[in-house]
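These notes are about the structure you will find just below.
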Amino acid sequence: MHHRHLGITGLQVPIVGFGASPLGGVFGPVETGEAAQAVAAAIDLGIDLFDVAPYYGLTRAETVLGDALSTIPRDRYTLATKVGRYGADEFDFTAERVLRSIEESLRRLRVETVDIITCHDIEFVPLEQVIGEAVPALHRARDQGKARFIGVSGLPLSIYSHVLDQVPLDTILSYCHHTLFDAGLAEQLPYLQAQRVGVINASPFAMGLLTAGPLPDWHPAGEDIRAACRAAADHCARRGASLARLSLQFSVSNPGIPTTLTGIRSRREVEQNAAWVAEPMDAGLLAEVEAILAPIRGRSWRSGRSANS
Ligand code: NAD
Numbered sequence: 140m141h142h143r144h145l146g147i148t149g150l151q152v153p154i155v156g157f158g159a160s161p162l163g164g165v166f167g168p169v170e171t172g173e174a175a176q177a178v179a180a181a182i183d184l185g186i187d188l189f190d191v192a193p194y195y196g197l198t199r200a201e202t203v204l205g206d207a208l209s210t211i212p213r214d215r216y217t218l219a220t221k222v223g224r225y226g227a228d229e230f231d232f233t234a235e236r237v238l239r240s241i242e243e244s245l246r247r248l249r250v251e252t253v254d255i256i257t258c259h260d261i262e263f264v265p266l267e268q269v270i271g272e273a274v275p276a277l278h279r280a281r282d283q284g285k286a287r288f289i290g291v292s293g294l295p296l297s298i299y300s301h302v303l304d305q306v307p308l309d310t311i312l313s314y315c316h317h318t319l320f321d322a323g324l325a326e327q328l329p330y331l332q333a334q335r336v337g338v339i340n341a342s343p344f345a346m347g348l349l350t351a352g353p354l355p356d357w358h359p360a361g362e363d364i365r366a367a368c369r370a371a372a373d374h375c376a377r378r379g380a381s382l383a384r385l386s387l388q389f390s391v392s393n394p395g396i397p398t399t400l401t402g403i404r405s406r407r408e409v410e411q412n413a414a415w416v417a418e419p420m421d422a423g424l425l426a427e428v429e430a431i432l433a434p435i436r437g438r439s440w441r442s443g444r445s446a447n448s
């Protein structure tokens, strides 16, 4: 698996990383045996970056991932988790909760330190609290050796410059903004690179829209976006191709984006994703699919407070 530098952290991250939200059942049930096999296969294939959060499956994803990683030497993988989001509408970025949250995550993940700790979905709260309270608390946790690098995540791209203009960060985690119908993250790269921040991209399949599979009930996309993605999937199927394969190949193709997290449910998905990123992208198919998706280009959905989007 090809690796790239994550900003100036010194971390080398695989171009495709293991997103562990599905281990919490977010995309449907996953048995613990299947999760353990997926994690073991990922390590074997060099997919050695794992991203999780207390919110995923309301702590279940961290517990399942911690069990699966427990037999693997700690220096074989990079581990990222989050603080601040604990339910669909439950957020707490106070210093006390942030510090307690890290302790709880370390216990569930069965490690003494995480490599990256991220303030989760910050657009749902006043950004001043994240800057003034949560990030300083994470600096304390880092000084105590509980985390190595600090970042933020969320959907609206404007949150990144808002925060980074006021406080330096090691990483940002952006999702659904570097896909076959959204170039938003790539447009932000000059600014993010000037800030020397490590860019983590997530959701190359737009949380399932760019696969042939069914969507989870909670998916926020409107019907026009869904219909265009279905048309793209049908077109690929008629051509004997896979929209998911093209989507992942597109997402990892930008060398300015060090890593792309895909949500993983099974060993089969790990193996497929590792194989796909080693294969060349079909430029003709890419042009056809981009034409089908042109009507929804740059389209997204609302997330968080209107003041933050
Ligand atoms: P995704 O775009 O990676 O889609 C996940 C879906 O794709 C799942 O249903 C999965 O089973 C399926 N899939 C994976 N490999 C496949 C394959 N080879 N063929 C067909 N389907 C395949 O979306 P995601 O899971 O939301 O994002 C990836 C990860 O990024 C998450 O697990 C999480 O770790 C992280 N993330 C973080 C945030 C945040 O911090 N706010 C938001 C979104 C995602």
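Following my numbering, the numbering of the sequence shown begins with 140 at its first residue and continues without gaps.
The beta carbon of each residue, even a glycine, is placed where N, CA and C say it ideally should be.
Helix, strand or coil at residue 160 according to DSSP, with G and I counted as helix
What you label residue 160 is simply residue 21 of the sequence shown in a count that begins at 1. Helix.
Where the alpha helix (DSSP H) through residue 530 begins and ends
Nothing about residue 530 can be reported from this structure: the residues present for the chain run from 140 to 448 only.
For residue 327 and residue 462, the rounded distance between their alpha carbons
Limits of the chain in this structure are 140 at one end and 448 at the other, which puts residue 462 out of reach.
How should residue 350 be labelled, buried or exposed, when 16 other C-beta atoms within 10 angstroms of its C-beta is the threshold for buried?
For the purposes of this step, residue 350 is identified with residue 211 of the sequence shown, where counting begins at 1. The residue is buried, with at least 16 neighbouring Cβ atoms inside 10 Å.
CA-CA distance, residue 310 and residue 291?
By one-based count along the sequence shown, residue 310 stands at place 171. By one-based count along the sequence shown, residue 291 stands at place 152. Whole-angstrom Cα-Cα distance: 7 Å.
Reference residue 202; option with closest CA among 323, 244, 376 and 304
Indexing the sequence shown from 1 puts residue 202 at position 63. Closest option to residue 202, Cα to Cα, is 244.
Would you say the beta carbon of residue 408 is closer than 6 Å to some non-hydrogen atom of the ligand NAD?
Walking along the sequence shown from the start, residue 408 turns up at place 269. Under cutoff, so the answer is yes.
Residue 240 CB to nearest heavy atom of the ligand MN below 6 Å
Among the ligands present in this structure, namely the ligand NAD, the ligand MN is not found.
Residue 253: which of 219, 227, 274 and 225 sits nearest, CA to CA?
For this step, residue 253 is matched to residue 114 along the sequence shown. Residue 253 has its Cα closest to that of 219, out of 219, 227, 274 and 225.
From residue 435 to residue 418, what does the alpha carbon distance come to, in whole angstroms?
Along the sequence shown, read from residue 1 onward, the residue named residue 435 stands at position 296. Along the sequence shown, read from residue 1 onward, the residue named residue 418 stands at position 279. Their Cα atoms are separated by approximately 27 Å.
Alpha carbon to alpha carbon, what distance is there between residue 341 and residue 168?
Translated into positions along the sequence shown, residue 168 becomes position 29. Translated into positions along the sequence shown, residue 341 becomes position 202. The straight-line gap from Cα to Cα measures roughly 21 Å.
Please name the residue, chosen from 265, 284, 304 and 318, that lies closest to residue 333 on a Cα-to-Cα basis.
Locating residue 333 in the sequence shown gives position 194, counting from the first residue. That would be 304, whose Cα lies nearest to the Cα of residue 333.
Buried versus exposed, by CB contacts within 10 Å (16 or more), residue 251:
Here residue 251 corresponds to residue number 112 of the sequence shown, with the count starting at 1. So residue 251 ends up on the exposed side.
Cα separation between residue 206 and residue 192?
Within the sequence shown, residue 206 is the residue found at index 67, counting from 1. Within the sequence shown, residue 192 is the residue found at index 53, counting from 1. Taking the straight line from one Cα to the other gives about 15 Å.
Check the C-beta distance from residue 398 over to residue 158 and give it rounded, since I have them as a contact under 8 Å.
Counting from one through the sequence shown, the residue named residue 398 turns up at place 259. Counting from one through the sequence shown, the residue named residue 158 turns up at place 19. With a Cβ gap of about 10 Å, residue 398 and residue 158 do not count as contacting.
From this set, 294, 296, 188 and 424, which residue's C-alpha is nearest residue 377's C-alpha?
Along the sequence shown, one-based indexing puts residue 377 at 238. For the residues 294, 296, 188 and 424, the minimum Cα distance to residue 377 belongs to 424.
Helix, strand or coil for residue 217 per DSSP?
Numbered from 1 along the sequence shown, position 78 holds the residue referred to as residue 217. Residue 217: strand per DSSP, three-state reduction.
Along the chain, where does the beta strand (DSSP E) containing residue 375 start, and where does it finish?
Start at 1 with the first residue of the sequence shown, and residue 375 comes out as number 236. Taken as a continuous stretch (DSSP letters only), residue 375 belongs to no beta strand (DSSP E), being part of the alpha helix (DSSP H) at 362 to 377.
Between the C-alpha atoms of residue 232 and residue 381, what's the straight-line distance to the nearest angstrom?
Walking along the sequence shown from the start, residue 232 turns up at place 93. Walking along the sequence shown from the start, residue 381 turns up at place 242. Spanning the two alpha carbons is a distance of roughly 40 Å.
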